Amino acid sequence: MSLFWRIFLINAAVLTAATVLVLLGPVTVSTPFVLTEALILSGGLAVMLVANALLLRVGLAPLQRLTRAMTTIDLLRPGPRPAVTGHAGIAALISTFNAMLDRLEADRAASNARALSAQENERRRIAQELHDEIGQTLTAVLLQISRVADNAPPDLRAELHQVQETTRDSLDEIRRIARRLRPGVLEELGLIAALRSLFAEISHHSGLQVRRDFAPDLPALTEEVELVLYRVAQEGLTNVARHAAASRVDITLIPHRDGVRLRIRDNGRGIDGQPEGAGIRGMRERALLIGAHLTIDPGPDGGTEVTLDVPDPAGLA
């Protein structure tokens with residue numbers, strides 16, 4: 001039965017019952033009506049309106065819940081589906097909405113996976129070109145400058161050495177960028193070594209005091225899970241260094257329930273209700289790829305706390 005007919009029949013039932021009561025009851029309508037009859041009929045009408053409002057509220061409550069779900073749904077933050085309640089058309093509408101959410105989340109996950117895979121491949125290509133092309137070119141320039149400086153007059157030798165140091169700094173910066181684009185340590189030595197290298201680099205360039213706590217009994221992780229954990233840690237530390245105005249950041253990677261938990265907690269100024277930027281959205285998209293849950297909340301002692309819970313990595317391995 002459609003929603004229209006449900007509402008129509010409810011209203012018809014209420015009005016019919018009221019009419020029968022007027023017709024069969026001891027009260028009659030006089031011409032002209034007397035005050036007593038008017039009061040009784042007004043009371044009956046009020047009762048009908050209240051009953052009608054209550055019945056409609058109960059009948060349309062599932063639609064109101066569905067409307068709230070539509071206005072608050074976020075594909076980057078999957079939550080529980082609206083309960084399929086009500087009758088006929090309402091239940092079918094909620095079921096269709098839930099099925100649509102399932103399709104949208106699946107399509108978005110597949111699209112994100114392709115986009116992030118293409119992004120990682122592009123990062124790998126750029127890092128390789130920086131290392132092989134520009135890195136080798138600057139290395140050759142350093143050697144040439146060194147030879148020229150050895151044979152240059154004393155008044156030019158100091159300037160050439162300065163150019164040499166500037167070129168060496170540029171070469172180190174290019175290598176650092178290449179390492180951030182393509183974490184070769186992650187592929188060669190694993191997640192823990194890659195995270196330690198990342199923390200040392202962030203601490204050296206930003207002055208942050210990085211305190212880490214890695215559990216020795218972490219379960220086996222797939223390459224995809226390790227890459228997501230590394231990228232989330234990288235983005236979290238970058239945000240702390242750039243925006244948090246923090247002096248210390250604590251990193252923990254420990255087993256949690258049936259999975260692992262990565263937590264980044266700083267003592268900075270906090271998020272202060274600021275809208276999420278592209279970096280945080282990227283972290284959420286990466287978390288969805290492995291079925292992980294990402295939360296960003298104020299820290300217990302100020303600052304910001306980023307938590308990534310990865311479920312059952314042994315099952316993913």
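Each residue of the sequence shown is one higher than the last, beginning at 1 in the UniProt record's numbering.
Using N, Cα and C, we set each Cβ at its ideal position, and we do this for glycine too.
Everything numeric in this text was worked out from a predicted model, so none of it was measured.
Element boundaries [beta strand (DSSP E), containing residue i]
i, result
"M262", "Before going further, note that residue 262 is Leu rather than Met in the sequence given. Segment 259-266, the beta strand (DSSP E) holding L262."
"P255", "248-256"
"R212", "209-214"
"H293", "293-298"
"E133", "Note, E133: premise wrong, no beta strand (DSSP E); not H, not E."
"L308", "304-310"
Length of the line joining the Cα atoms of residue i and residue j
i, j, result
"I290", "D150", "56 Å"
"I280", "L66", "28 Å"
"V306", "Q274", "15 Å"
"L130", "I174", "7 Å"
"R265", "L195", "15 Å"
"A91", "E223", "42 Å"
"A118", "A127", "14 Å"
"A13", "L45", "14 Å"
"G268", "V260", "25 Å"
"V50", "L21", "17 Å"
"G86", "F8", "16 Å"
"A193", "A200", "11 Å"
"A68", "T304", "One detail in the question is off: residue 68 reads as Arg in this sequence, not Ala. The alpha-carbon atoms of R68 and T304 are separated by roughly 29 Å."
"G89", "W5", "10 Å"
"G277", "I177", "22 Å"
"G135", "E187", "21 Å"
"P300", "T71", "30 Å"
"residue 328", "G270", "The displayed coordinates of the chain run from 1 to 317. Any statement about residue 328 would go beyond what the structure contains."
"E133", "R123", "15 Å"
"residue 363", "R212", "In this structure the chain extends from 1 to 317, so residue 363 is not present and cannot be described."
"G184", "R257", "30 Å"
"E226", "V310", "10 Å"
Element boundaries [alpha helix (DSSP H), containing residue i]
i, result
"V185", "184-189"
"V163", "154-181"
"T238", "223-239"
"I280", "278-289"
Same chain only: Cβ atoms within 8 Å of residue i, ignoring 5 sequence neighbours per side
i, result
"residue 343", "This structure cannot settle anything about residue 343, because the visible part of the chain is limited to 1 through 317."
"S203", "Q209, V210"
"A53", "none"
Own chain residues within Cβ distance below 7 Å of residue i, not counting five before or after
i, result
"E235", "G279, G282, M283"
"L75", "L104, E105, R108"
"A215", "L253, I254, P255"
"R81", "N98, L101"
"H161", "A149"
"R168", "L142"
"residue 322", "The question about residue 322 has no answer here: the residues shown for the chain are numbered 1 through 317."
"L15", "M48"
"P78", "E105"
"S95", "V84"
Contact belief for residue i with residue j at Cβ below 8 Å, rounded distance in angstroms
i, j, result
"T252", "R263", "5 Å"
"T139", "L171", "7 Å"
"V249", "V240", "5 Å"
"L308", "L229", "7 Å"
"I10", "L55", "5 Å"
Residues near residue i by beta carbon distance below 6 Å, same chain, minus five either side
i, result
"I73", "none"
"G315", "Annotation note: pLDDT 49 at G315 (below 50); position unreliable, coordinate value reported separately. Taken in chain order, the list of residues that qualify is empty."
"H205", "none"
Quiz item: Residue ranges of each alpha helix (DSSP H) run of no fewer than 4 residues wholly in the UniProt domain "HAMP" (57-109), ordered along the chain?
Solution: Whole alpha helix (DSSP H) segments, 4+ residues: zero.
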